[in-house]
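Numbering (UniProt numbering), first residue to last: 1 to 581.
Below: one structure, written as C-alpha cells.
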C-alpha cells in the first residue's frame, strides 16, 4: 500500500501532523486506557471492600446467634435442670434446696462468659416453684406475648430467634425454644428464653465503615434490625419492600445459607453512588490534570521548535520571491549553526553574487539588446507600413468580385479560399481553435490544390460533426495535409488521392492522413522522429517541424505521431491529440 505523499504539505502542517499523530493522539489514547483501567479497578476494589465488610458483619452476627443457640442446646439437654423444674415440690424448702444446689449456678454461669448473652430465663407453669432468679411463671401476661405465641405455633422444638421486648418497643433479639426433651417427664409446659445483648449487635453493625444504611432481613423480607434512623422497626412488621431508594443508591446483599438458625435471612446495605465513587472521581480529576500537563508541555515544545524552523524558512522564501522581482536583499539573520542558518548564509552569498553579476555584466548586455530590439522594431514597422495586409485582402477581394462579374465563379471561389488562408496565416490572435475551424482551413487549401492540379488530385475527409467543438492547436492537421499534397502527390505524373480520417477515442482525437504519393525514405522518417525525441527550441523551423514543436509545448509526451511510409507506395501519418471542449 502506497502512503499518501506529503510533498505539497507545508512544513508547519507536517510538524502539526507529527505532533497530532505522534504525540497528541497516542497520549489521549494512553490516558483514556489508563483512566478506564484505573477507575474500573478502583470501582471493583471499593465494591469488593463493601462486600467483604458486609460478609464480616454477616459472619459476626451469625457467630453471636450460634453462640446463643449452643447455650439453648445445653439447657435443652440438661437432664438435671429439666428434672428440677419439672418436679412437684411438697414444701418450698425442697425447691429452694434444689435451686441452690444447681439452678442458681447453671442460670448465672453463661451470662459473664458469653458477651452476646444479656439474660437467661426459664418460663414454666409449675405452681410449686418459687418464681425468681431466672425462673418465671407462665401466666396470662406471658401467654399474650408474640414470642410466646410464635413458639407455641412451632411444631418443632428447635430454637427460634425472635425480636422481643415490651409491647411497644421490640428492642431485643432472643433465642426461644420449648424444653420438651424426650427423656424429661414433661408434666409441665417449659420455655427457655435467652436474651441477646443488643449493645454487642449494635457494635457489629456499627463497625461497617459505610456512608449508608444496613438492613437485617428475616426470611419473610421484614426488617429485623437497621442502622437507618428513618425506619422505625421498634413495633415490628416493617417490610424492606416499602423502603424507597433513589436511582443514585447501590444495593449490596448477602444471604444466610446452609444454616439451621438464620436460613433465609439476609443483610442488605444501601450505599450512595457518590460515597462509593468519591475516590474514583478524585482519581479521575488527578488523571485529567496529569493528561493536561502532559499535553501542554509537548505542545509548547513543538511550537517552540516549529517556530525556530518555520519562521526562518518563510523568511528565506520571501527573500527568494524578492530576488525573482530583482530585489536583491539579504536575509537578516543572527549567527546560527544549524542547517537553516547555513542555508541563510549561502543564500545571502548567492544573492550578493547575482546582484554583482547583474550590475557588472547583464545590465550592459541588456541595454545593447534593448537598442537592437528597438532598431528591429522600427524596421518592422517600416516594412509593415509598406506591406499592409489589409491592402492585400482588399486587392484579392477586388479580383474575386471582378471574376464574379465576368461569371468566372471557379476563379472567384479559389481567390476567396486564398484570402481565407492568407488572413488566418497572418492573424494569430489565438493558437487553439476548434476542429471545425481547422477543417475549414483544410477545405480551402485542398480546393486551391485541386484547382491547380485538376483531376490529378482527389481527396476525401471523414469525421463526425459531434467532434467539431473540440479544441486543437491551429494548423496542426492542415500542415500534414499540405505536406502530403506538395511532397507526396505533386511529384506524381498520374493522379493521386488524399484521405483524412478523424475520430475521437475516449479523450483523444485520432487523425489518420493517407496518400498514395511518392512516399519517404527511412532516413527522412527518422529525421522527423528526431524532432519528437530531442528537446530543442523551434528556431527558424517551419512546416511539420513547427507543428511538432508546438504539440510538444502543449501536450508534452501525451501526443503521439506515427509514420508509415514506403517509397513509391505512399505515406500514412497517424496523429493522436489530447482534446478538450
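We treat Cβ as the ideally placed atom computed from N, Cα and C, and that holds for glycine.
Quick check on the burial criterion: 16 or more other C-beta atoms within 10 angstroms. Buried or exposed for residue i?
i           : result
residue 644 : The displayed coordinates of the chain run from 1 to 581. Any statement about residue 644 would go beyond what the structure contains.
residue 438 : buried
residue 436 : exposed
residue 469 : exposed
residue 332 : exposed
residue 64  : buried
residue 455 : exposed
residue 380 : Summary for residue 380: the model assigns pLDDT 44, below 50, so the residue's position carries little reliability, and this model does not support an answer.
residue 476 : buried
residue 350 : exposed
residue 20  : exposed
residue 36  : exposed
residue 269 : buried
residue 174 : buried
residue 557 : exposed
residue 361 : exposed
Please list, in chain order, all residues of the same chain as residue i whose beta carbon is under 6 Å from its beta carbon, the five residues on each side excluded.
i           : result
residue 414 : 448 and 451
residue 186 : 180
residue 570 : 515, 516, 517 and 519
residue 61  : 204
residue 463 : 502
To the nearest angstrom, how far is the alpha carbon of residue i from that of residue j?
i           : j           : result
residue 26  : residue 33  : 10 Å
residue 484 : residue 532 : 19 Å
residue 516 : residue 354 : 59 Å
residue 574 : residue 512 : 5 Å
residue 265 : residue 223 : 10 Å
residue 12  : residue 441 : 55 Å
residue 343 : residue 318 : 14 Å
residue 257 : residue 263 : 5 Å
residue 14  : residue 314 : 14 Å
residue 226 : residue 216 : 6 Å
residue 109 : residue 272 : 45 Å
residue 506 : residue 528 : 27 Å
residue 191 : residue 232 : 29 Å
residue 508 : residue 500 : 16 Å
residue 188 : residue 88  : 10 Å
residue 552 : residue 559 : 8 Å
residue 39  : residue 286 : 11 Å
residue 171 : residue 289 : 51 Å
residue 251 : residue 278 : 17 Å
residue 457 : residue 321 : 59 Å
residue 107 : residue 238 : 34 Å
residue 10  : residue 304 : 17 Å
residue 472 : residue 460 : 21 Å
residue 486 : residue 494 : 14 Å
residue 55  : residue 254 : 7 Å
residue 243 : residue 234 : 16 Å
residue 261 : residue 161 : 8 Å
residue 306 : residue 17  : 12 Å
residue 572 : residue 416 : 30 Å
residue 44  : residue 28  : 24 Å
residue 46  : residue 98  : 58 Å
If I follow the unbroken beta strand (DSSP E) through residue i, where does it start and stop?
i           : result
residue 515 : 508–515
residue 193 : 190–196
residue 587 : Because the chain here runs from 1 to 581, residue 587 falls outside it and cannot be looked at.
residue 252 : 249–255
residue 449 : Per DSSP, residue 449 belongs to no beta strand (DSSP E); it is in the alpha helix (DSSP H), 435–453.
residue 570 : 570–578
residue 270 : 266–272
In the DSSP assignment, find the alpha helix (DSSP H) that holds residue i and state where it starts and stops.
i           : result
residue 181 : Unbroken run through residue 181: none, as it is neither H nor E.
residue 25  : 25–77
residue 215 : Premise fails: residue 215 lies in the beta strand (DSSP E), 212–217, not in any alpha helix (DSSP H).
residue 344 : 339–357
residue 496 : Careful: residue 496 lies outside any alpha helix (DSSP H), inside the beta strand (DSSP E) at 496–505.
residue 153 : 146–153
residue 546 : 544–555
residue 92  : 92–98
Give me, in chain order, the residues of the same chain whose beta-carbon lies closer than 8 Å to that of residue i; leave out the 5 immediate sequence neighbours on both sides.
i           : result
residue 525 : 563 and 565
residue 77  : 181
residue 249 : 212, 270, 271, 272 and 273
Looking at residue i and the ligand ATP, is the gap between the Cβ and the nearest heavy atom below 8 Å?
i           : result
residue 455 : Ligands in the displayed structure: none, and consequently the ligand ATP is not present.
For chain D, find out if any of its Cβ atoms is closer than 9 Å to the Cβ of residue i; answer yes or no.
i           : result
residue 299 : No chain D appears in the structure shown, which is made up of a single protein chain.
Among residues of its own chain, excluding the 5 on either side of residue i, which ones have a beta-carbon nearer than 7 Å to its beta-carbon?
i           : result
residue 241 : 221
Subject >> Three CB pairs or more closer than 8 Å across the region 68–77 and the region 185–196 >> reply: yes
**OP:** For the region 142–157 and the region 45–58, state whether three or more C-beta atom pairs, one from each stretch, are separated by less than 8 Å.
**Re:** no
Original post:
Just checking, does the region 547–557 make contact with the region 475–483 on the three C-beta pairs under 8 Å criterion?
Top reply: yes
Subject >> the region 292–307 / the region 82–94 touching (three or more Cβ pairs under 8 Å) >> reply: no
Original post:
Would you say the region 120–136 touches the region 153–173, given that touching needs at least three Cβ pairs under 8 Å?
Top reply: no
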